[in-house]
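Chains S and B, in that order, give the protein sequences. When we follow UniProt numbering, the leftmost residue of the first sequence carries the number 1, and every step to the right adds one. When we follow UniProt numbering, the leftmost residue of the second sequence carries the number 1, and every step to the right adds one. Here a beta-carbon is modelled for each residue, glycine too, at the ideal position from N, C-alpha and C. Here's the structure, in structure tokens; my notes come after.
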Amino acid sequence: MRVLFLFLLAAGALVIAASTDYDERLLLRPLPQGALLASFNFKSNSSATAFDEQNFRYFPRSLGQILQHAHTKELHLRFSVGRWDAESWGVRPWDGAREGGTGVELWAWVDAQSDDEADARWLTLTNALSGLFCASLNFIDSTRTIRPVKIFQPEGYHPPSSTDSLHLLHGTLPHEVVCTENLTPFLKLLPCKGKAGISSLFDGHRLFDAAWQTMAIDVRPVCPQTGADCVLEMEQTVDMVLDIDRSKRPRVDNPIPRPLPLEQIECDNSKPYPGHDSCFPLSKTNEPAWSISEVFGRSIAGSCPLSGQHGMASQSVCVNVPSERTVYPESSRKFKEVRHDKESLRCYELPVGSDFDLSVSEQPPDVRIPLRQPTIYAARSITGHGQERGGVQTVIVNSSPTSSIEVAYLESLPWFMKPYLHTLLATVSGPKSPSSSGSTTSIKETYYRPAVDRHRGTHLELVLSIPAASTLTLTYDFDKAVLRYTEYPPDANRGFDVAPAVIKLLSPPTANQESKGVYLRTTSLLLPLPTPDFSMPYNVIILTSTVMALGFGSIFNLLVRRFVAVDEVPVWAPSGLHTKIGALVKVLAATFRKPRADSE
Amino acid sequence: MASTDGKATVERKPPPESQESIRTRRLVILAFWSVAILLGLPIWWKTTTIYRAQLPLQAMLDWADGKSCRPVFPLRIALDAPSLSSNDAHNLLRTTQHAIDDLNDFSAHHLRLRLRDHFDTRNASQEVHPDVGDLPAVGTPASFTDEDEGEIALSVRLLPGVSGTLPRAELQPYSPTLDVLYAPNQIPSPSSSAAAPAPLATFIANELQKLFAEEQDMLVYLLSSSPASSTSLQAQTTQPKPLSPEAAESLAKQSTRSFKYAPTYHLTFSLFTPTAAPSDWEIEEALATHVAPLLESLSTISNFTVDTQVQLYAAFSPSIREPEYDSNRGAWTLRKEDVSGFINAAEWPLSPSIGAGPTVNFVLYVPSPSQTPLVVADGDATATSWLVPQWGSILILNPTASNQQRQQQPTTLTQDDLAPAMLTFSSHLLSLLSVPSSPPSLPLRLRTLTRVRAASLLLSASSTLGSLARLALALPGIAIPDAVADAVDETVARLDAACADLREGRFGAALRSARVAEMRVEKAFFEPSMVGQVYFPDEHKVAVYLPLLGPVAVPLLMAVVKEIKKLREGRGKKEKEGGEKKKQ
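Structure below.
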């Protein structure tokens, strides 16, 4: 598996070296439990001079102008939904380097002379991207922006003279719901626009129905070692894990899943049944058969003619299944199949102008390409109870039995979540150290920038070391702030999303030079905050007014009224309205008095 | 029962109130009321009132009504007669000026002839202009100094002609110079009177009038179409000649077609094709050859940024009818009605460029090989390019014959393929910027554009000032921040400067001032803190005020009413008593 990854990455490197201006690639790999990983990758290059002169060919003009306007030298933008199930699916695609936290994540290196200028340009960038991608990126304000120190390093080449003026800014929007309206602008950035090539498979219904999906845009300057012209490389990546059964379900005839008729279900006959009408379905151990048109709802509309025509660059669709499994490619025109990596990777050169489909047969579970297991697992959760304070607990597992690891850990907390750093505690438990060891030993470095109410969030960055086959538990307590009346969102009782923590493996360094680093993101947290009664202001006005009026009225009357004996009260002069009311009162009094007099 | 008994027996009166307590009570009520009025009301007023900075409303309305400035366009024309003697030249100048004045019937736009200072330079070297130029005396034909050189609208060079019909005029296409060739016998003699002008003078006057005819039309149209200046036009002693309906119509068309003036325009050149080819074009070279020189000469008026893009798989929008094959023409035709929907705004990425200023789009559409050649049919005529008002221009590029034979689109469009398209785009650009179509000399047309733009900016800034003033008057609830007042002050100052510059014939300076004025006043008009005015509905106010003010106001009012009643009663009693006393 590792070999396969190396091979793929090497192929990518080859593509860069050959400096094809556009390259696209799709890798399909079945995962356990009837899941299918589809990993799309699009690379388009623009020479630095053409970019500066605003002559756009493969690089989209809309994004290019935004980058120039905001003086952004390197950009990383992520839209993600769902959770990668590392326990059953193994290593993340691209080692997590092309993946973002739930919602939207954006980080960029902005060229600016001062911090204030960088902030202003960052604001321009987020606002412009917000319009381009129909996302609420404009809500990435100073409270959601941090400047990470350790965890992100530039992927591209920046001349040493300019590194001083580069500012890294990082913003997250964990509450953002990624949906079709973000996919459409994403597709428009591609030269073939979803009309040809592998991008023709994108369908909002399937993409956002996936168990896990992430869309990434990475722009970086690349300067070859040979000293040739620098290029600006834009990489668009879409990774998703589809549930094969769910995707194969016909959408039109049977949109709601219903149980099959009893006759069509294979019953588990080893179990006793009370009658003929009951059945326990036999759990299928075979991996299901699938085809591209079934899973994606359509087949690939030929190759994108802009991508390279020779060698690896032309083989844009690859299927990673064991050699025993049968794959039937289908097309009316000429295509080519190439097998790599001991036949476990089958790649196809797509035909031009003709549909292409792939069917993969059912497969018994014993033949399966073993999944590479990740070195680290992580989980994060909120602990505690009540509306006043809580705690966060992060569990990081080093699964390597032999080597200890060092990781960087980044948290970007909203300002209304106020951590107490003195409660930060790292405990390590493992076979070698059954009892908890001191926290000082595992936290190597700490970068902490406390929050300022309504102006900036907390930035906490740690460097942690975890011994072999051990588990590190990181805990800290926090206070929940009380927000102002207008600061609550419309769905205040849902809670507030807290951005996922980002973990990067610092050592041991990966052997592969092309690797962009091993990253891992936890799930986002939902923080319940005390929510007020929102009719409060009017109630307050009424109540205080009443109290004030009562007080005023009694004091005023005390000062102004004249106090006399009861029998000295002057009788109202009988005139007009007064006489009428007086007569009415008398009549009423008489009717009331009569029965009373009778009873007496 | 006791009360009825009491009532039945005696009606007791409260003991008479002492004067002291009555006074105290009245003072208490007075104190409460004075707190409410002297303290409560001002605080309420102060906290709820909206800040409105002082605006010079009358001056603003005057500008809008055209009372403050009457735009005039005195054009200076240099007469260059190296071959004539000083006397002859002065004589010719005088007679020509007379002829021009007779011809001109639009007093705001008039031509002033001046003699270029040749008689001093003749002795010195030709290159060095001496600084002796005294201030030109009023009324006498003056000579130019160096500073004036930039403001000369046109140079007329008198050259002795040798052959051909004489006199004849030749306009230099790349400099604002009119060469007039004359025969020696056509020079007016000093003795001839102004009443019978020499044929040469009349000829020059006619030529000049012809050259500036379109500019005059544009200015007349501009001044008459703007409500601001209608009054100022009427105030003029001489009415301009009314435009012919055709001229007015074409000018109206031109003005709806062209962009509003902006200091910066973004030009976007896009290649669209419904297939994957051509995917590359030699646009850098084509732009450098065909568009860059034009932009260079336009740079005195506006700045331009240029960007290009290639967009493949660009399909028509579903709302328009697919092209049909017309066997008569041997071409695929698109109906003229569908041209307006040609741009698929939903899918083609033609978003405006970032930054201030409008974007001018130039779309080059290469049809797919199966639909080549593609033309737009309008009756019998066909076209492959058209102009979209205030948006840009579109050109359908059908492959040349050699490409057609290959039955396949080339992947790269060469510079030669692009040349005709670039020429069309250049002429469309001039049209979109409302550069006049005549005279043939480009520098002259650009100078005309400077004057027209300055006038139009002046008028539009004035009318925006008026709108702002009317807005401030119409909406008493709108806040007016100090920034708006400052902007208005600066606008008025700039407009004054622009108006003065126009009077002096410094059109470049006038354009600059008017540009700033327009920018400032637009910014003031769209001031965000003013646009989002604070609005509280009346129900809201009642809901907030009533719970507090109701219970507080009722005792206060009742106390006053009671006191006044008592006061009246007391007075009545006193009078009665007084009357009874008198009777006694």
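When Cβ-Cβ separations below 9 Å define contact, Lys193(S) makes contact with chain B. Where Gly103(S) is concerned, there is no enclosing alpha helix (DSSP H), although the beta strand (DSSP E) around it starts and stops at 103-111. Residues of the segment 297-320 of chain B with a Cβ closer than 9 Å to any Cβ of chain S, in chain order: Thr305, Val306, Asp307, Thr308, Gln309, Val310, Gln311, Leu312, Tyr313, Ala314, Ala315. In the DSSP secondary-structure assignment, Ser80(S) is bridged to Gly103(S), Thr214(S). Taking C-beta separations shorter than 7 Å and ignoring five residues to either side along the sequence, the partners of Pro431(S) in its chain run Ala469, following chain order. Three or more beta-carbon pairs separated by less than 8 Å are not found between the segment 51-60 of chain B and the segment 155-163 of chain B, which leaves the two stretches without contact. Asn557(S) has a beta carbon lying within less than 9 Å of a beta carbon in chain B. The C-alpha of Leu472(S) lies about 18 Å from the C-alpha of Glu87(S). The distance from the Cβ of Asp268(S) to that of Pro281(S) is about 7 Å, consistent with a contact at the 8 Å cut-off.
Contact note: Leu548(B) reaches chain S through Ser545, Met548, Ala549, using a C-beta cutoff of 7 Å and chain order. Per the coordinates, the alpha-carbon of Leu106(S) lies some 14 Å from the alpha-carbon of His175(S).
The C-beta of His71(S) comes no closer than 9 Å to any C-beta of chain B. The contact set of Val560(S) on chain B, defined by CB atoms closer than 7 Å, consists of Arg25, Val28, Ile29, Ala559 in chain order.
The Cβ atoms of Gly355(B) and His71(S) do not sit closer than 9 Å to each other. For the segment 218-235 of chain S, there are no residues whose beta carbon sits under 8 Å from a beta carbon of chain B. DSSP places Ile244(S) inside the alpha helix (DSSP H), whose first and last residues are 244-248. One Cα belongs to Trp281(B), the other to Thr333(B), and the distance between them is close to 25 Å. Following the DSSP letters along the chain, one finds Lys67(B) in no beta strand (DSSP E), marked with neither H nor E. Considering only beta carbons, no part of the segment 486-500 of chain B lies closer than 7 Å to chain S.
Scanning chain B for C-beta atoms nearer than 7 Å to the C-beta of Lys188(S) yields Pro349, reported in chain order. Residue-level contact check: Arg298(S) does not touch chain B, since none of the beta carbons of chain B fall below 9 Å from its beta carbon. Near chain S, meaning a CB-to-CB distance below 8 Å, the residues of the segment 275-297 of chain B are Ala276, Ala277, Ser279, Asp280, Ile283, Glu284. Contact annotation: Gly297(S) and Arg389(S) have beta-carbon atoms that are not nearer than 9 Å.
Asn269(S) carries a coil assignment under DSSP once its states are collapsed to helix, strand and coil. In the three-state DSSP reduction, Ile443(S) falls in the strand class (E or B).
With respect to chain B, the C-beta atom of Glu53(S) has a partner C-beta closer than 9 Å. Pairing Ser291(S) with Arg25(S) gives a Cβ-Cβ distance that is not under 9 Å. Note that the C-beta distance between Phe507(B) and Arg445(B) is not below 9 Å.
Residue pairing by DSSP places Lys418(S) opposite Asp479(S) in a beta bridge. The distance from the Cβ of Gly34(S) to that of Ile244(S) is about 5 Å, consistent with a contact at the 8 Å cut-off. Inter-residue distance for Ala517(B) and Gly392(B) is about 27 Å (C-alpha atoms, whole angstroms). Here Leu271(B) carries a strand assignment [DSSP, helix/strand/coil].
Counted as a single uninterrupted DSSP element, the alpha helix (DSSP H) harbouring Phe296(S) occupies residues 292-296. Ile354(B) has a beta carbon lying within less than 9 Å of a beta carbon in chain S. Counting C-beta pairs closer than 8 Å gives three or more between the segment 317-324 of chain B and the segment 337-346 of chain B, which meets the contact rule. Rounded to the nearest angstrom, the gap between the Cα atoms of Thr145(S) and Ala501(S) is 14 Å.
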